[in-house]
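Engineer: If you read the sequence shown in our numbering, its first letter stands for residue 12, the second for the next number, and so on.
Before I ask anything, here is the structure I am working with.
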Amino acid sequence: MKNLKGLNIGGLNIEIPIIQGGMGVGVSLSGLASAVAQEGGVGVISPAGIGLLYKEHSNDYLKNSLYGLASELRKAKAKTKGVIGVNIMVALSDYAGLVETAIAEKADIIFSGAGLPLDLP
């Protein structure tokens, strides 16, 4: 990896210019994201389908999604000092709430796709 130059994005130093893809429905969670970040890349958590994994929190899928994202971000941040991002699809039903949660939990980067984030909070 000595031949790869690091990245500087908005004051973040990314030692290895690799950004983990945000894979939803239980793939890109705190474990994978923190491992990638620990190695010098950008670890990414995907909230797509995350509410399905946090059903015990409440009977409300959207509330579970916000709770799950906050929980996964806290776990990832506790495991590494590396860069942790969130991949939030604009097409998700609570896009604004997920962005606000990512900001409140101090995600380093937000990636938005699957639509144009015209109303990014």
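In this text, a Cβ means the ideal position worked out from N, Cα and C, and glycines have one as well.
How many Å lie between S45 and N70 at the Cα?
Structural biologist: As a working note, residue 45 is residue 34 in the sequence shown. As a working note, residue 70 is residue 59 in the sequence shown. Near 29 Å, if we compare the C-alpha coordinates of N70 and S45.
Engineer: To which residues does DSSP link S123 through a beta bridge?
Structural biologist: The residue labelled residue 123 in the question sits at position 112 within the sequence shown. Answer is I99, bridged to S123.
Engineer: Since I believe M100 is in contact with G59 (beta carbons under 8 Å), could you give me their beta-carbon distance rounded to a whole number of angstroms?
Structural biologist: Translated into the one-based positions of the sequence shown, residue 59 becomes position 48. Translated into the one-based positions of the sequence shown, residue 100 becomes position 89. One point to set straight first is that residue 59 is Ala, not Gly, in the sequence displayed. About 6 Å separates the two Cβ atoms, so the contact holds.
Engineer: If you follow the alpha helix (DSSP H) that V11 is in, where does it begin and where does it stop?
Structural biologist: With the chain covering 12 to 132 only, the question about residue 11 has no answer from this structure.
Engineer: Find the nearest neighbour of K88 within the set K16, L127, A125 and V53, judged by alpha-carbon distance.
Structural biologist: For the purposes of this step, residue 88 is taken as residue 77 along the sequence shown, with counting starting at 1. That would be V53, whose Cα lies nearest to the Cα of K88.
Engineer: Could you check the C-alpha separation between E133 and L15 for me, to the nearest Å?
Structural biologist: A query on residue 133 cannot be resolved here, the shown segment of the chain reaching from 12 to 132 and no further.
Engineer: By the 10 Å Cβ neighbour count, where 16 or more other Cβ atoms means buried, how is G33 classified, buried or exposed?
Structural biologist: Working through the sequence shown from its first residue, we reach residue 33 at position 22. Classification for G33: buried.
Engineer: Contact defined as beta carbons within less than 8 Å: I believe N98 pairs with S39. What is the distance between those atoms, to the nearest angstrom?
Structural biologist: What you label residue 98 is simply residue 87 of the sequence shown in a count that begins at 1. What you label residue 39 is simply residue 28 of the sequence shown in a count that begins at 1. With 8 Å as the limit, N98 and S39 qualify as a contact, their Cβ atoms being about 7 Å apart.
Engineer: Have a look at V36 and G22 and give me their C-alpha separation to the nearest angstrom.
Structural biologist: Walking along the sequence shown from the start, residue 36 turns up at place 25. Walking along the sequence shown from the start, residue 22 turns up at place 11. Straight-line Cα distance between these residues: approximately 30 Å.
Engineer: Kindly indicate which residue of P28, G17, L18 and G51 has the alpha-carbon position closest to the one of T91.
Structural biologist: Residue mapping note: residue 91 aligns to position 80 of the sequence shown, counting from 1. It is G51.
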